[in-house]
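Student:
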Amino acid sequence: MRWRGDGVAGAGGTVLVFPGQGSQWGAMARELYAGAPVFRARLEECAKALSAFVEWDLLDVLLSDDGGVLLSRVDVVQPALFAVMVSLAALWEAHGVRPDAVVGHSQGEIAAAYVAGVLSLEDAARVVTLRSQAIRALAGRGGMVSVGLSVDEVRPRLGRWGGDVEIAAINGPTSTVVSGSAGALDELQAVFEAENVRTWRIPVDYASHSCHVDRLRENVMDLLAPITPRAGDLRFYSTVTGRRIDTTELDADYWFRNLRETVEFEAVTRLLLADGFDTFIECSPHPVLVAGVQETIDSTHTPARAIGTLRRHHGGLDSFLRSTGEAFTAGATTQHTPARPHDGRHADLPTYPFQRTRYWLEPDTSRRDIAASGLTAAGHPLLGAVTEGATSLVLTGRISLATHPWLADHQVAGTLVVPGAAFAELAVYAADRVGAGSIRELTVRSPLVLPEHGAVRLRVEVSEPAAGESGRTVRIDARPDMGTATSWTCHATGVLDAETPSPDWDLTAWPPPGHGPWTSPTRPWPPRGTTTVRCSRGCTGCGATTTTSTPRSPSPPSPTPSPSTPPSSTPPSTPHS
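Quick note on numbering: numbering that gives the first Met the number 0 labels position 394 of the sequence shown as 393, and the sequence is numbered without any gaps.
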């Protein structure tokens, strides 16, 4: 008995499912090859084994940008998919998922036989390469079509084409694949689509699992005669016979039948469910059988689940780990230790008792969706909304210690005062909004005191230039957030210029021309009565020229704390004056 991921004890088992063609995509192994050592090692083993039978390089096909072009060839795509699928199986096992049984669909049975220990890697490479090379003789002679009906609905309709169309695979209650000549398949699709039955032309130009394959029998038997199947380590459910079989039967004759006979995938899925298996993992770079398996599961009302491994264009370790999470919730035993890039040092828990202090970030319920009010978001940490008039611009915001806790870092004589640099920042932002190039002047008229409790509303207004003037005026007002009864107080005014002045010295050069030491005020600094901590202590190296002051930032490590300067546990950030 084992414990399912949902906490329910179950007696089921895990099945690895290996599909045939259809799951391939360009560079499908690139991310895992770079990020998963187990996957990379097995893929390199496969590349070495396949190289004895092919002229192309597996790693070039799977990893390079141009390699995907070769995947259109049956003698390339089948060996490439085999290598990727068995490498994914190795990765599943490294993460604790050891299957109890395997099942393969068409050429997917070759991967299933290798993973089950039935075929050696050399024998599996022989089967998948030489048989797919033999299939090239069928190219251009036929095709395959998937029909969204049960086999019982499809089979009676094939009589009109004689033996030219055959049942190739039975994947699920409403998923049947037919195989035959190209012309007959064109007619079949037209008939079904006229009845609003979904059909899909599988992108192959040969007719597997049909009489077209008969001409290959002698050649395939000769090519695969050297293989030596053996008793497997896992239960092997055959989609050729529709039952569990003795794996020593997987000889050359079996692998021809695997190519010629109907794929009894739905029957095997039902048998696996009846035998108690409840977790089906499709081991492929993109799920092609998951839907059919799940449909069969649902039709039997069995508490089981089908999951995939990777998805097209999502082939990295993060995608694989999400699938391991799905496998765990489905009941599989997983082990995530291999996902860690390095072995860390394990430390004992502290003996100090937990204080159970909550640090959840509480949502700011004071903020509303301003778009619902017909306003535009300001996109500024101190401002919330923008109102643009025909001749003016108004920016509004709301600040408090609850929403902007860093404002508590600036105090004058024990009073929380918004730094003067904040007014400059608001003026600069307003200038950017109206396309002004510079601030000609900015006068701070009164300090903005921030209450310990409650909030302050801000209003920044930019007006059109007066007659004969080129500059636009900017005004910064504030009032307590206590309804509309309180009046606005003007804290700063200024003038914005349309043009951007050119500096008379190279901004990239330091120190600037005429630079000299700043001699006043003398240390200790900050001035008496002013407390600056954390982020408001970012301006350190200063200098002076004849007309400008030039603060330097960022600061070096924090100075030794004094009684008037509380120590900071965080590095300084944006300077404040």
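Even for Gly, the Cβ is constructed at its ideal location relative to N, Cα and C.
Would you kindly report the start and end of the unbroken beta strand (DSSP E) that includes V459?
Tutor: For the purposes of this step, residue 459 is taken as the residue at position 460 of the sequence shown. V459 -> beta strand (DSSP E) spans 454 to 462.
Student: CA-CA distance, L62 and A28?
Tutor: Along the sequence shown, read from residue 1 onward, the residue named residue 62 stands at position 63. Along the sequence shown, read from residue 1 onward, the residue named residue 28 stands at position 29. Rounded to whole angstroms, L62 to A28 spans 6 angstroms at the Cα level.
Student: Thinking G116 and G231 are a contact (beta carbons under 8 angstroms), I'd like their distance in whole angstroms, please.
Tutor: One-based indexing of the sequence shown puts residue 116 at position 117. One-based indexing of the sequence shown puts residue 231 at position 232. The pair is a contact, with the Cβ atoms about 5 angstroms apart (cut-off 8 angstroms).
Student: What residues in its chain sit with their C-beta under 7 angstroms from that of T173, if we drop five residues either side in the sequence?
Tutor: Numbered from 1 along the sequence shown, position 174 holds the residue referred to as residue 173. For T173, where only same-chain residues beyond five positions count, the Cβ hits under 7 angstroms are G147, L148, S149, E294.
Student: Measuring only the C-alpha atoms, how far is G396 from R456?
Tutor: In the sequence shown, counting from the first residue as 1, residue 396 sits at position 397. In the sequence shown, counting from the first residue as 1, residue 456 sits at position 457. Cα to Cα, G396 sits roughly 6 angstroms from R456.
Student: Does DSSP classify W199 as helix, strand or coil?
Tutor: As a working note, residue 199 is residue 200 in the sequence shown. Strand, per DSSP.
Student: Whose C-alpha, out of H300, V292, F255, T332, is nearest the C-alpha of A266?
Tutor: Position 267 of the sequence shown, counted from the start, is the residue given in the question as residue 266. Of H300, V292, F255, T332, the residue nearest in Cα terms is V292.
Student: Is the separation between the beta-carbon of V14 and that of D151 shorter than 8 angstroms?
Tutor: For the purposes of this step, residue 14 is identified with residue 15 of the sequence shown, where counting begins at 1. For the purposes of this step, residue 151 is identified with residue 152 of the sequence shown, where counting begins at 1. The answer is no: Cβ separation not under 8 angstroms.
Student: Is the stretch 465 to 473 touching the stretch 493 to 502, taking contact as three or more C-beta pairs under 8 angstroms?
Tutor: Verdict: yes, contact present.
Student: Alpha carbons only, please: which of G171, P404, R444, V101 is nearest the one belonging to A88?
Tutor: Residue 88 sits at position 89 when you count from the first residue of the sequence shown. Cα-wise, what sits closest to A88 is V101.
Student: Output the residue ranges of the beta strand (DSSP E) runs that lie fully inside the stretch 370 to 423 and measure 3 residues or longer, sorted by chain position.
Tutor: Those beta strand (DSSP E) runs which fall completely within the stretch 370 to 423 and span 3+ residues are 375 to 379, 382 to 387, 391 to 399, 409 to 411.
Student: Express the C-alpha separation of I296 and R269 in angstroms, rounding to a whole number.
Tutor: Working through the sequence shown from its first residue, we reach residue 269 at position 270. Working through the sequence shown from its first residue, we reach residue 296 at position 297. Whole-angstrom Cα-Cα distance: 8 angstroms.
Student: Taking all protein chains shown into account, do 16 or more other C-beta atoms lie within 10 angstroms of the C-beta of A508, making it buried, or fewer, making it exposed?
Tutor: Taking the sequence shown and counting its residues from 1, one reaches residue 508 at position 509. Its Cβ having fewer than 16 others within 10 Å, A508 is exposed.
Student: Should A329 and R310 be called a contact, given that it needs their Cβ atoms to be closer than 8 angstroms?
Tutor: The count along the sequence shown starts at 1 and reaches residue 329 at position 330. The count along the sequence shown starts at 1 and reaches residue 310 at position 311. Their beta carbons are not under 8 angstroms apart, which means A329 does not touch R310 by this criterion.
Student: Work out the CA separation of T261 and R216 for me, nearest whole Å.
Tutor: Numbered from 1 along the sequence shown, position 217 holds the residue referred to as residue 216. Numbered from 1 along the sequence shown, position 262 holds the residue referred to as residue 261. Rounded to the nearest angstrom, the two C-alpha atoms are 16 angstroms apart.
Student: Tell me which same chain residues have a C-beta within less than 7 angstroms of the C-beta of I438, skipping the five on either side of it?
Tutor: Here residue 438 refers to the residue found at position 439 when the sequence shown is read from its first residue. The residues are A426, V427, A430, G493, L495.
Student: Please name the residue, chosen from P284, L374, T301, T278, that lies closest to A577 on a Cα-to-Cα basis.
Tutor: With the chain running from 0 to 576 in the structure shown, residue 577 is simply not present.
Student: When you compare the CB positions of L441 and L31, do they come within less than 8 angstroms of one another, or not?
Tutor: In the sequence shown, counting from the first residue as 1, residue 441 sits at position 442. In the sequence shown, counting from the first residue as 1, residue 31 sits at position 32. Contact: no.
Student: Thinking W91 and I306 are a contact (beta carbons under 8 angstroms), I'd like their distance in whole angstroms, please.
Tutor: Mapped onto the sequence shown, residue 91 falls at position 92. Mapped onto the sequence shown, residue 306 falls at position 307. Not confirmed; about 11 angstroms, so no contact.
Student: For a minimum of 4 consecutive residues, which ranges assigned as the alpha helix (DSSP H) are wholly contained in the stretch 139 to 207?
Tutor: As far as the stretch 139 to 207 is concerned, its whole alpha helix (DSSP H) runs of at least 4 residues are 150 to 153, 181 to 193.
Student: Scan the stretch 465 to 508 and note each continuous beta strand (DSSP E) run of 3 residues or more that stays entirely inside, going in chain order.
Tutor: Listed in chain order, they are 471 to 479, 488 to 496.
Student: Determine, using beta carbons only, whether V461 and L392 come nearer to each other than 8 angstroms.
Tutor: For the purposes of this step, residue 461 is taken as the residue at position 462 of the sequence shown. For the purposes of this step, residue 392 is taken as the residue at position 393 of the sequence shown. Going by C-beta atoms, V461 is nearer than 8 angstroms to L392.
Student: Indicate whether the contact test is met: 3 or more Cβ pairs, each with one atom in the stretch 65 to 84 and one in the stretch 30 to 45, closer than 8 angstroms.
Tutor: Counting Cβ pairs under 8 angstroms, three or more are found: they touch.
Student: Given a threshold of 16 other Cβ atoms within 10 Å of its Cβ, counted over all protein chains shown, does N170 qualify as buried or as exposed?
Tutor: Reading the sequence shown from its first residue, position 171 is the one you call residue 170. Answer is buried; the Cβ neighbour count reaches 16.
Student: Applying the 10 Å Cβ sphere with the 16-neighbour rule, what's the burial state of F353?
Tutor: For the purposes of this step, residue 353 is taken as residue 354 along the sequence shown, with counting starting at 1. The residue is exposed, with fewer than 16 neighbouring Cβ atoms inside 10 Å.
Student: Measuring only the C-alpha atoms, how far is R478 from T485?
Tutor: Along the sequence shown, read from residue 1 onward, the residue named residue 478 stands at position 479. Along the sequence shown, read from residue 1 onward, the residue named residue 485 stands at position 486. Approximately 7 angstroms between the Cα atoms of the pair.
Student: Residues in its own chain within less than 6 angstroms of A454 by CB, not counting five upstream and five downstream?
Tutor: One-based indexing of the sequence shown puts residue 454 at position 455. Excluding residues within five positions, the ones whose Cβ falls inside 6 angstroms are R397, S399, D480.
Student: How is T442 classed by DSSP in three states: helix, strand or coil?
Tutor: Position 443 of the sequence shown, counting from 1, holds the residue named residue 442. Note: T442 maps to strand in three-state DSSP.
Student: What residue does the alpha helix (DSSP H) around S63 start on, and which one ends it?
Tutor: Here residue 63 is taken as the residue at index 64 of the sequence shown, counted from 1. Element bounds for S63: n/a, residue is neither H nor E.
Student: Quick one: using the 10 Å Cβ neighbour count with 16 as the cut-off for buried, is S501 buried or exposed?
Tutor: Numbered from 1 along the sequence shown, position 502 holds the residue referred to as residue 501. S501 should be labelled exposed.
Student: Classify W487: buried if its beta carbon has 16 or more other beta carbons within 10 angstroms, exposed otherwise.
Tutor: Within the sequence shown, numbered from 1, the residue matching residue 487 stands at position 488. By the 10 Å Cβ count, W487 comes out exposed.
Student: Within the same chain, show all residues whose beta-carbon is closer than 8 angstroms to that of P380, passing over the 5 residues directly before and after it, in chain order.
Tutor: On the sequence shown, position 381 is the one that residue 380 refers to. Within the same chain, P380 has close Cβ partners H403.
Student: For my contact list, V203 and Q20 are in at a C-beta cut-off of 8 angstroms; report their separation, rounded to the angstrom.
Tutor: Counting from one through the sequence shown, the residue named residue 203 turns up at place 204. Counting from one through the sequence shown, the residue named residue 20 turns up at place 21. Right, their Cβ atoms sit about 7 angstroms apart.
Student: Quick one: what's I280 bridged to in DSSP?
Tutor: To locate residue 280, count along the sequence shown from 1; it is residue 281. Beta-bridge pairing links I280 to L15, I306.
Student: Under the rule that 16 or more other beta-carbon atoms within 10 Å means buried, what is S445, buried or exposed?
Tutor: Numbered from its first residue, the sequence shown carries residue 445 at position 446. By the 10 Å Cβ count, S445 comes out exposed.
Student: Only counting the same chain, and skipping five residues up and downstream in sequence, which positions put a Cβ closer than 7 angstroms to that of H285?
Tutor: Here residue 285 is taken as the residue at index 286 of the sequence shown, counted from 1. Cβ neighbours of H285 beyond the five flanking positions: S22, W24, L309, R310, R311.
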